[in-house]
Amino acid sequence: MRLSDPFEFARRGQVLEGELSVRQLERVLEMVRPDGLEAAVSYRWEGCRRGDDAFLVLRVSGDLVLACQRCLTDVVCSVSVERRFLLVPEGEDLPDDDLADDLAEDDFDPIHAGRNLDALSLLEDEVLLSLPAFPMHQDCSAPNGSSGAVEQVQDVVSPFAALGKLKRGN
Numbered sequence: 419m420r421l422s423d424p425f426e427f428a429r430r431g432q433v434l435e436g437e438l439s440v441r442q443l444e445r446v447l448e449m450v451r452p453d454g455l456e457a458a459v460s461y462r463w464e465g466c467r468r469g470d471d472a473f474l475v476l477r478v479s480g481d482l483v484l485a486c487q488r489c490l491t492d493v494v495c496s497v498s499v500e501r502r503f504l505l506v507p508e509g510e511d512l513p514d515d516d517l518a519d520d521l522a523e524d525d526f527d528p529i530h531a532g533r534n535l536d537a538l539s540l541l542e543d544e545v546l547l548s549l550p551a552f553p554m555h556q557d558c559s560a561p562n563g564s565s566g567a568v569e570q571v572q573d574v575v576s577p578f579a580a581l582g583k584l585k586r587g588n
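Numbering-wise (this note's numbering), the sequence shown opens with residue 419 and increments by one.
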């Protein structure tokens, strides 16, 4: 998916929306469990202008099946992205640090854009950034049935406790 002229897309306030199979998102596909290969994400690209500035607004939503990092079973992670990009012509400088406060307040990211903007790659980047670093069930039990790593550590007998028992003669 490419936007042939993102500045014109923004100027006209155009919209591009649809659904993408997780199979079309190569980097996301590497993380998805076999039971989640039929999942899809809905997307909407919307162009808009504010003064002389051109923006793209991206909205993505869907559910992806990933591996729980504690029990290694399937866990559903919801994707919900809304991001606004300030389009900066290729070759021009991105807004510098003096504008960082304005950028943070306005909640948009400046990106270089030219003809044939790779909107699919940008969308996939945002999906990856929205996923948890360590997906886990909210109330996950570890495989041995205990409810957490802290309890597992407490079950291990300290070698110093064993030495203490020997010293006391128990």
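Built from N, CA and C at the ideal position, the CB exists for glycine as well.
Whole-angstrom Cβ separation of residue i and residue j, contact assumed at under 8 Å?
i    : j    : result
S479 : A458 : Actually they do not touch by this definition, with Cβ atoms about 10 Å apart.
S548 : V497 : 5 Å
R502 : D470 : Not confirmed; about 16 Å, so no contact.
H530 : E508 : 5 Å
E401 : V506 : Residue 401 lies beyond the residue range present for the chain, which begins at 419 and ends at 588; the question has no answer from this structure.
R441 : L546 : In fact, because the Cβ distance is near 16 Å, the residues do not count as touching under 8 Å.
P550 : C495 : 6 Å
DSSP beta-bridge partners for residue i?
i    : result
S439 : A458
A531 : P507
D536 : R420
L434 : W463
Got a sec? Which residues, its chain only, sit under 6 Å from residue i by beta carbon, not counting five neighbours each side?
i    : result
E437 : A458, S460
R590 : Residue numbering for the chain in the displayed model covers 419 to 588; residue 590 lies beyond these limits and cannot be assessed.
D527 : F503
L512 : V506, P528
F552 : Q487
H555 : C486, V493
L443 : E542
D481 : V494, S496
M449 : L484
Within a Cβ cutoff of 7 Å, which residues of the same chain sit near residue i, ignoring the five residues on either side of it in sequence?
i    : result
S422 : R533, N534
D536 : R420
L541 : Y461, L476, V478
L447 : V440, R441
Please list, in chain order, all residues of the same chain as residue i whose beta carbon is under 8 Å from its beta carbon, the five residues on each side excluded.
i    : result
D492 : R451, D453, G454, V483, L484, A485, C486
R467 : A428, R429, G431, F473
E435 : S460, Y461, R462, W463
Sequence ranges, alpha helix (DSSP H) only - wholly within the region 460-525, length at least 4
518-524
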